[in-house]
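Structure first, commentary second.
Numbering (our numbering), first residue to last: 88 to 492.
In structure tokens form, the structure reads like this:
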């Protein structure tokens with residue numbers, strides 16, 4: 088049985104999808120106002136391993152991941168560079184997809200862009216206005232969280248501390264502010280001088296950050312998602328907001344499981360564009376690391392824990408993977424064409440992997456368990472059928488990890 092730590096229930100829960108045998112996943116995708124760094128890719132690699140492991144475990148996986156290409160930050164960044172917003176975001180999307188391929192990441196079934204789903208967001212806003220959960224104010228549309236009884240449930244927000252005096256937040260995000268405790272914006276109405284807007288059923292303007300994801304989820308998934316996932320920072324002022332929006336117009340939950348990946352730190356500090364301490368994959372490639380080693384470093388660990396990047400930690404991870412691959416090569420040389428029907432070692436390898444992965448996708452413990460097993464195996468005592476059984480098992484496992492062969 089697979090168990091995941093469900094942010095919604097705040098505990099480990101046995102995974103059962105909404106539909107038997109089918110796991111539906113939506114990933115809160117990249118904000119493409121700037122190029123993605125390895126801290127961003129840590130989250131997306133966790134989600135890649137998640138989807139791959141569910142396939143390995145016998146599920147059919149249907150997955151979506153959005154591109155946030157409409158937001159305040161993109162407009163500001165494009166203005167700084169004196170280029171159109173769509174030129175900026177399209178370049179970053181192309182770069183992101185190029186690096187996805189290099190990192191051996193499986194492409195989701197759906198890769199919607201917010202800019203191509205404005206009408207979907209507008210349709211959702213109209214429903215919220217009709218239910219009087221959202222309202223117009225000075226040309227913008229706002230959502231009133233107090234109209235949704237379960238607001239803050241995901242994070243565990245103490246709603247008794249909600250400000251008594253009504254506040255409205257007209258920006259998507261505010262630097263240094265974790266929560267927009269008040270009515271949050273759904274629609275940025277057109278203002279004189281705006282260069283980035285759409286002419287829609289509710290007038291000129293653009294959808295806010297928080298309305299975009301639920302709009303796209305409603306377009307591609309017409310039932311409760313098995314899993315909604317993203318970075319842990321989305322627990323603040325985003326996922327509770329998107330959950331409230333969609334559940335305000337649907338008679339069923341947005342997702343059964345909510346999974347959140349923790350941050351990547353650099354020498355003890357969170358990696359972020361605002362801190363200027365970002366590292367890109369090509370920086371590591373220039374240092375002589377292979378993409379498989381970069382993938383391994385980013386996924387080796389427990390996704391709910393922080394990992395720290397330093398020159399030493401990267402070097403240690405690469406060395407560990409190289410040693411493991413050398414052990415696999417030695418066994419592969421001994422392998423024949425037909426695995427043993429009673430392959431005791433191969434079965435032990437499989438059980439070790441699944442035991443740790445079933446326990447909330449614990450990649451580090453799973454890999455360390457495999458490493459210990461192979462290190463304790465005397466290759467010279469293996470017959471060719473036994474060696475082939477181990478290799479076959481490892482190839483199946485590598486459909487999940489994508490770093491062994």
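From the three backbone atoms N, C-alpha and C, an ideal C-beta is built for every residue, glycine too.
Below 8 Å on the Cβ atoms is my contact criterion, and I expect residue i with residue j to pass it. Report the Cβ-Cβ distance as a whole number of Å.
{"i": "residue 312", "j": "residue 343", "result": "7 Å"}
{"i": "residue 401", "j": "residue 372", "result": "At roughly 12 Å, the Cβ-Cβ gap does not stay under 8 Å, so residue 401 and residue 372 are not in contact."}
{"i": "residue 153", "j": "residue 116", "result": "4 Å"}
{"i": "residue 221", "j": "residue 228", "result": "5 Å"}
{"i": "residue 140", "j": "residue 448", "result": "6 Å"}
{"i": "residue 211", "j": "residue 336", "result": "7 Å"}
{"i": "residue 346", "j": "residue 125", "result": "Contact flag wrong, Cβ pair sits at about 20 Å."}
{"i": "residue 215", "j": "residue 289", "result": "Not quite, the Cβ-Cβ distance comes to about 11 Å (not below 8 Å), so this is no contact."}
{"i": "residue 359", "j": "residue 333", "result": "Actually they are not in contact, since the Cβ atoms of residue 359 and residue 333 sit about 28 Å apart, beyond 8 Å."}
{"i": "residue 485", "j": "residue 492", "result": "5 Å"}
{"i": "residue 136", "j": "residue 450", "result": "6 Å"}
Are residue i and residue j close, meaning C-beta to C-beta below 8 Å?
{"i": "residue 270", "j": "residue 230", "result": "yes"}
{"i": "residue 191", "j": "residue 382", "result": "yes"}
{"i": "residue 490", "j": "residue 379", "result": "yes"}
{"i": "residue 308", "j": "residue 151", "result": "yes"}
{"i": "residue 436", "j": "residue 457", "result": "yes"}
{"i": "residue 331", "j": "residue 235", "result": "yes"}
{"i": "residue 149", "j": "residue 196", "result": "yes"}
{"i": "residue 138", "j": "residue 112", "result": "yes"}
{"i": "residue 397", "j": "residue 446", "result": "no"}
{"i": "residue 539", "j": "residue 257", "result": "One cannot answer for residue 539 here, as it falls past the ends of the chain, which runs 88 to 492."}
{"i": "residue 162", "j": "residue 283", "result": "yes"}
{"i": "residue 394", "j": "residue 469", "result": "no"}
{"i": "residue 421", "j": "residue 471", "result": "yes"}
{"i": "residue 433", "j": "residue 476", "result": "yes"}
{"i": "residue 209", "j": "residue 130", "result": "no"}
{"i": "residue 244", "j": "residue 327", "result": "yes"}
{"i": "residue 102", "j": "residue 348", "result": "no"}
{"i": "residue 175", "j": "residue 164", "result": "yes"}
{"i": "residue 224", "j": "residue 188", "result": "no"}
{"i": "residue 242", "j": "residue 322", "result": "yes"}
{"i": "residue 376", "j": "residue 405", "result": "yes"}
{"i": "residue 114", "j": "residue 299", "result": "no"}
{"i": "residue 123", "j": "residue 186", "result": "yes"}
{"i": "residue 110", "j": "residue 314", "result": "yes"}
{"i": "residue 474", "j": "residue 414", "result": "no"}
{"i": "residue 268", "j": "residue 285", "result": "no"}
Going by DSSP in three states, residue i sits in which element: helix, strand or coil?
{"i": "residue 345", "result": "strand"}
{"i": "residue 353", "result": "strand"}
{"i": "residue 394", "result": "strand"}
{"i": "residue 227", "result": "strand"}
{"i": "residue 368", "result": "helix"}
{"i": "residue 239", "result": "coil"}
{"i": "residue 51", "result": "No answer is possible for residue 51: it lies beyond the span of the chain, which begins at 88 and ends at 492."}
{"i": "residue 488", "result": "helix"}
{"i": "residue 90", "result": "strand"}
{"i": "residue 422", "result": "coil"}
{"i": "residue 387", "result": "coil"}
{"i": "residue 339", "result": "coil"}
{"i": "residue 222", "result": "strand"}
{"i": "residue 358", "result": "coil"}
{"i": "residue 244", "result": "coil"}
{"i": "residue 377", "result": "coil"}
{"i": "residue 216", "result": "helix"}
{"i": "residue 250", "result": "coil"}
{"i": "residue 326", "result": "helix"}
Can residue i be considered in contact with the ligand GTP, in the sense that its beta carbon sits closer than 7 Å to one or more heavy atoms?
{"i": "residue 335", "result": "With respect to small molecules bound, the structure shown includes none, and the ligand GTP cannot be examined in it."}
- request: Indicate whether the contact test is met: 3 or more Cβ pairs, each with one atom in the stretch 204-214 and one in the stretch 286-294, closer than 8 Å.
  value: When Cβ pairs closer than 8 Å are counted between the two stretches, the stretch 204-214 is seen to touch the stretch 286-294, the count reaching three or more.
Exercise. Evaluate the contact criterion for the stretch 361-372 versus the stretch 271-288: three or more CB pairs, one atom per stretch, below 8 Å.
Key: Judged by Cβ distances under 8 Å, the stretch 361-372 makes no contact with the stretch 271-288, as fewer than three pairs qualify.
message = Could you tell me which whole alpha helix (DSSP H) segments of length 4 or greater appear in the stretch 254-322?
response = 296-307
_Does the contact criterion of 3 or more C-beta pairs under 8 Å hold for the stretch 400-418 versus the stretch 455-471?_
The stretch 400-418 vs the stretch 455-471: in contact.
query: Any chance the stretch 260-269 sits against the stretch 111-125, with 3 or more Cβ pairs inside 8 Å?
result: When C-beta atoms of the stretch 260-269 are compared with those of the stretch 111-125, fewer than three pairs fall below 8 Å, so the two segments do not count as touching.
As an exercise, report each continuous alpha helix (DSSP H) stretch of at least 4 residues that is fully enclosed by the stretch 427-480, in chain order. Here the runs fully enclosed are 431-445 and 450-462.
> Could you give the uninterrupted runs of the alpha helix (DSSP H) lying entirely in the stretch 167-205, keeping only those of 4 residues or more?
Replying inline: The qualifying runs are 172-189.
query: Quick one: complete beta strand (DSSP E) runs, 3+ long, within the stretch 92-172?
result: 98-101, 109-114 and 147-152
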